[in-house]
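All the letters of the sequence shown, read from the start, carry residue numbers 25 to 178 under this note's numbering.
Using N, Cα and C, we set each Cβ at its ideal position, and we do this for glycine too.
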Amino acid sequence: MTSVAVARTFYSERVDDRTEKTGGTQKGPLMNALTQAEPARVVDHEELLKRCMGNQQFAKKILLAFQNQLTGDLNELNQAIHSQDYERITAIAHRIKGSSSNVSAGRLNQVAASLEEFSKDRTSQIEEIRSYWDQIKNEHNSLVEITTEESLTD
């Protein structure tokens, strides 16, 4: 696989330029910046390769394992949001924040960090928490899209 093909595997050219509103108030600058970035990087390929000491095969395996873990985290997060379990929401967001950092998924890391902080306030509106969940889900979908765009197994 050429370096260009590998780069296409890790980058997404999708841009989500919608302006979402929650409860009549616009989201903060972090969320707006995340939805308006061009081109949007799902994973910083160069940074991930550095973390994997240049081993592309290892980077691919790590990314696929992360994708699988994130799928489970999304399901668990959805259940926690549905039951309005702020403690679980905070814990899951913290876990996503850490794992996304490990694979150089910067936008996802920022959204998870924001969700973690926001959910610590037990008076947070669940609708606003759902908007963070939607952002995490969108990042997951982008990750799935770029990893299935090209075969990650040689």
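Secondary structure at A117: helix, using DSSP grouped into helix, strand and coil. In this structure F82 is not in contact with V127, their Cβ atoms being roughly 12 angstroms apart against a cut-off of 8 angstroms.
D158 sits in a helix when the DSSP states are folded into three classes. Pairing L98 with K161 gives a Cβ-Cβ distance under 8 angstroms.
Rounded to the nearest whole angstrom, the CA to CA distance from L88 to E141 is 27 angstroms. Between I153 and L139, the C-beta gap is smaller than 8 angstroms, which places the two residues in contact. Annotation for D97: the continuous alpha helix (DSSP H) segment containing it runs Q80 to H106.
Contact check for Y110 against R75 fails: the beta carbons are separated by 8 angstroms or more. Rounded to whole angstroms, T171 and L73 show a C-alpha spacing of 15 angstroms.
Around the beta-carbon of N92, fewer than 16 other beta-carbon atoms lie within 10 Å, marking it exposed. Boundaries of the alpha helix (DSSP H) harbouring A136: G130 to K144, taken from the DSSP string. Secondary structure at S148: coil, using DSSP grouped into helix, strand and coil.
Sequence-distant Cβ neighbours of I86 in its own chain, meaning closer than 7 angstroms and more than five residues away, are C76 and V127.
Across the set Y156, A115 and S148, the C-alpha of Y156 shows the shortest separation from the C-alpha of Q134.
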